[in-house]
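The sequence shown lines up with residues 29 to 771 when you count with the working numbering.
Just so you know, even glycine gets a beta-carbon here, dropped at the ideal spot from N, CA and C.
These numbers were taken from a predicted model, which means no experiment stands behind them.
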Amino acid sequence: ALNGSSLNLKLEQVTFPSAQDAFQAGQEFVTIHFSSLWPDGTQSPYELVLHNGVEEQKSLNWYYVRSEHGIEFTSPLQKNSELTLRIFKGNGSDPLLITSWDSSMPSLSALPGDEQGMELASQPVQQNTSQDMLLDLIRRREFSVSFHAFALAISLVLGALHALTPGHGKTVVAAYLVGSRGTTWHAVVLGTVVTLTHTGSVLILGLVTLLASRYILPTTLIPVLEIISGLLIIGLGLYLFRGRYRSWRAGDKMESKGRNYSLQPAPSGAGKMIRVANVETTKALSLHHHGDGRLHSHDVPEAITWRSLIALGVSGGLVPCPDAIAILLVAIAIQRILLGLSLIISFSLGLALVLIVIGLLMVHGSRLFNRFDRFSRFAPFMPIVSAAVVLTLGIGLTYNAYVRARGEFEMPLGVTGDFVEAQVLYLAEDENKVTQLFVANLQDGTSERLTETSNGVTDYSPAPHQSRIAYILNTDELENEIWMIELADGETRKLTDCENSVCSSLVWAPDGSGLVYESMNLDASNVTGLATLWWVNASTGENKPLFQEAQLPGANPRWAPDGRWLSFATSDGIRLYNLETGENHVIKSILGTAANWSPDGGSILYRDVLIRDNQFITQLFVYELSSRAAYNINPDMRFENILAAWSPDGKQIAVVRRDLSVTRGDQIWLMQPDGGDPDMLTSDPASLHGSLNWSPDGKYLLYDLYDLDSLPLESSLQVVEVNSGEVTDLNIAGYNPHWVWPF
29 ALNGSSLNLK LEQVTFPSAQ DAFQAGQEFV TIHFSSLWPD GTQSPYELVL
79 HNGVEEQKSL NWYYVRSEHG IEFTSPLQKN SELTLRIFKG NGSDPLLITS
129 WDSSMPSLSA LPGDEQGMEL ASQPVQQNTS QDMLLDLIRR REFSVSFHAF
179 ALAISLVLGA LHALTPGHGK TVVAAYLVGS RGTTWHAVVL GTVVTLTHTG
229 SVLILGLVTL LASRYILPTT LIPVLEIISG LLIIGLGLYL FRGRYRSWRA
279 GDKMESKGRN YSLQPAPSGA GKMIRVANVE TTKALSLHHH GDGRLHSHDV
329 PEAITWRSLI ALGVSGGLVP CPDAIAILLV AIAIQRILLG LSLIISFSLG
379 LALVLIVIGL LMVHGSRLFN RFDRFSRFAP FMPIVSAAVV LTLGIGLTYN
429 AYVRARGEFE MPLGVTGDFV EAQVLYLAED ENKVTQLFVA NLQDGTSERL
479 TETSNGVTDY SPAPHQSRIA YILNTDELEN EIWMIELADG ETRKLTDCEN
529 SVCSSLVWAP DGSGLVYESM NLDASNVTGL ATLWWVNAST GENKPLFQEA
579 QLPGANPRWA PDGRWLSFAT SDGIRLYNLE TGENHVIKSI LGTAANWSPD
629 GGSILYRDVL IRDNQFITQL FVYELSSRAA YNINPDMRFE NILAAWSPDG
679 KQIAVVRRDL SVTRGDQIWL MQPDGGDPDM LTSDPASLHG SLNWSPDGKY
729 LLYDLYDLDS LPLESSLQVV EVNSGEVTDL NIAGYNPHWV WPF
């Protein structure tokens, strides 16, 4: 249907697969070509609805949409067998319009904006934030001078409202001006400096993001800037406290020395004694009394200096606003740079107005309090108190930035020392032969059981910041549940049920917000008999199909380190999808194994099979994202490559290889990313190696070892030092290990 009117379809052609095997493998299809005349008088934009009515309950609806001749469309919305898309006559300049799409594109890739249809099914309606509103203004198609003025006014108001949210140096500005002899001019300058620094940092960070986005992310820069800002405020607080304390002590001594009492004869010589008080005052401190004989001052013993004023303004505005960064990047992406800059400037003016008003209130409020005698008793101490407040705020800001750097933004702060300082997570059977999750302390050789399930744990995955662990357990009904445990206190909570399904392959998003996992539906409604991919929110437990067509098969999901790309295996190979731009392509692969992303996100390591002399041999390939080319890094047909892992710096690859001339067993090898300099690291002829885990400093490899001479197979955990090849047996009977390093 087009704009609500049914189209009369004409059958043009039907093509069939060249062979039944190709059809069953999903490599070729039955293709039916229809055509229809475009209705007269149809108004743009056009809404096209496609509906597949062939056995809707049993069919897998995988749509491919391609447009030609200048026709573009928004990302479609698919609900099972029905597909809805909006069509425009474009010129290729709008990045929000596309010319190709298929049902395998993840629904997590929805671009912001009300014209996008690729939202997760049943997603709750959320209130628009100031960032959302400004982004909508930038993306608006219709544009005029009056709308520009309206957009600037809206951004000004949103900037003012945004300034009232936590942060932006309001408390620091207030504390500084209360304890100083601030004037109206000082309040204006301080608020302006904070805003100019705030806006300037946005422009600089936006430029860095565009020029070096492959190597560094804004989320890794912002915590560093927050820490620097906090340290600057701490330094300023110490400077103010030291100077004001000295001034207060000097004023106190001046008051005590300013009264000289003496007994002198009266000028008349009558012998009467009178008291003469010689009171010395200083103009700088304006010492006076109110008839009670107590000298004091309402002024601050230290005047505001431009150095401290500007230093405070810079430190208070150093951390850029993420909302403004997002606005700038979107404006550049859709080629509306001037509009984006004008909105940011207007947004910053609103922020400046609020800070200046707060400063003026502090300045004139302190003068009002000075008129009251009760407040005058505390006036000499206010400079010291305000300096202490600035110092305390700096300490608090620095600590909070440090915590966010470790947790929210997943910033590894470095690992040093021997591997015994770490802990190791692993799976093992308890005394009842039930698989549980354990954590071992390598320092003292003790292990602690983290789970208490009666049916066993099947899989687990530590979060990127290692503070929590997601795991899958069996239920009495032979189903699965996904749970999460906090390592700090052992608190557990259920994330979601895998109702009538078998769940596996938990993979955290790089920001720790949620997980992608495989779900094999055991119902007869699973028309493919294959697993599908799902997403669960780590905070709310809300889970949804990853694709809009919930029955589309997918396996082995993996995230790129920066979270921009998601890879997963499909029937046609390893599919890569860019969650920001919608770009996607497929790596042709027979095995469809998991993609192993390089630390810089520019390359993918994966395994695939080659057929030589009627023998299937697994080889290692590297796919370069920039050139879209794949090559066999070590085409030695004498070896089969079973498992591989990048080193943290991306300069080496650890590979589990099997020498085909040896009857059993495999070994861990090291080689360069291009396959050069292969070197055998272990020598265990009667063992199998698995679960390669690099230490964050790249010095050690943690793995599990299976003894082929034991029946059933027994597994143990070992660590090998990469440089020396020295192997340490951890004396732990377990498997599937992961490091937990002290940060």
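From residue i to residue j, what distance separates their C-alpha atoms?
i, j, result
"Leu113", "Arg94", "12 Å"
"Leu470", "Leu189", "51 Å"
"Thr609", "Asn89", "24 Å"
"Ile372", "Leu180", "9 Å"
"Arg586", "Ala559", "15 Å"
"Asn502", "Asn612", "35 Å"
"Phe447", "Gln106", "50 Å"
"Phe178", "Thr43", "55 Å"
"Ile255", "Asp539", "20 Å"
"Thr474", "Leu124", "55 Å"
"Val382", "Val221", "13 Å"
"Ile696", "Val684", "5 Å"
"Leu506", "Asn528", "8 Å"
"Tyr763", "Leu741", "11 Å"
"Asn669", "Asp636", "9 Å"
"Ala426", "Ala673", "For the record, residue 426 in the displayed sequence is Thr; it is not Ala. Between Thr426 and Ala673, the C-alpha separation is close to 36 Å."
"Met708", "Tyr734", "18 Å"
"Lys727", "Glu449", "13 Å"
"Gly319", "Arg274", "Its pLDDT being 45, under 50, Gly319 is placed unreliably in this model, and the value from its coordinates should be taken loosely. Taking the straight line from one Cα to the other gives about 28 Å."
"Leu224", "Gly187", "14 Å"
"Asp641", "Ile126", "45 Å"
"Trp563", "Thr520", "20 Å"
"Val385", "Ala537", "42 Å"
"Gln151", "Gly678", "Reliability fails at Gln151, whose pLDDT of 34 lies under 50, so the model's placement of it is uncertain and the value that follows must be treated cautiously. Straight-line Cα distance between these residues: approximately 38 Å."
"Ala578", "Asn565", "17 Å"
"Ser16", "Thr102", "What is shown of the chain runs 29 to 771, which leaves residue 16 out entirely."
"Arg270", "Thr479", "53 Å"
"Ser655", "Phe649", "14 Å"
"Asn483", "Cys526", "15 Å"
"Glu40", "Thr556", "29 Å"
"Tyr605", "Thr420", "46 Å"
Excluding sequence positions up to five away, which residues of its chain have a Cβ less than 7 Å from the Cβ of residue i?
i, result
"Cys531", "Ile500, Asn508, Ile510, Tyr545, Glu546 and Ser547"
"Leu736", "Arg692, Gly693, Ala714, Ser715 and Leu716"
"Gly703", "Ile661 and Asn662"
Take residue i and list the residues in its own chain whose beta-carbon comes closer than 8 Å to its own, dropping the five residues that flank it on each side.
i, result
"Pro765", "Val452, Leu453, Tyr454, Ser719, Asn721, Leu730, Tyr731, Asp732 and Leu745"
"Gly32", "Glu75"
"Gly629", "Arg242, Ala588, Pro589, Asp590, Arg592, Trp593 and Leu653"
"Leu550", "Asn528, Ser529 and Val530"
"Gly657", "A small fix is needed here, since residue 657 is Ala in this sequence, not Gly. Result list for Ala657: Tyr651, in chain order."
"Leu377", "Leu184, Gly187 and Thr223"
Could you pull the DSSP bridge partners for residue i from this structure?
i, result
"Leu651", "In the sequence under discussion, the amino acid at residue 651 is Tyr, which differs from the Leu named in the question. According to DSSP, which records beta bridges pairwise, Tyr651 is partnered with Ile632 and Ala658."
"Met548", "Val530"
"Ile681", "Trp674 and Met699"
"Leu716", "Tyr734"
"Asp525", "Glu509"
"Phe575", "Pro134"
"Tyr91", "In DSSP, Tyr91 forms no bridge with anything."
"Ala583", "Ala597"
"His493", "Answer is none; His493 lacks a bridge partner."
"Ala498", "Ser489 and Met512"
"Gly542", "Asn565"
"Val42", "Ile60"
Please list, in chain order, all residues of the same chain as residue i whose beta carbon is under 6 Å from its beta carbon, the five residues on each side excluded.
i, result
"Gly569", "Leu523 and Thr524"
"Glu110", "His79"
"Gln494", "Val768"
"Ile497", "Tyr488, Pro490 and Ile513"
"Gly81", "none"
"Thr486", "Ile500"
Check whether the Cβ atoms of residue i and residue j lie closer than 8 Å to each other.
i, j, result
"Ala468", "Ile760", "yes"
"Ile602", "Ser617", "yes"
"Ile262", "Ile423", "yes"
"Pro17", "Pro627", "Since the first residue shown for the chain is 29 and the last is 771, residue 17 is missing from the structure and cannot be characterised."
"Pro73", "Ile99", "no"
"Leu561", "Gly582", "yes"
"Asp458", "Arg477", "yes"
### Message
For the pair the stretch 593–603 and the stretch 618–627, tell me if three or more CB-CB distances fall below 8 Å.
### Response
Inter-segment contact for the stretch 593–603 and the stretch 618–627 is present: three or more beta-carbon pairs are separated by less than 8 Å.
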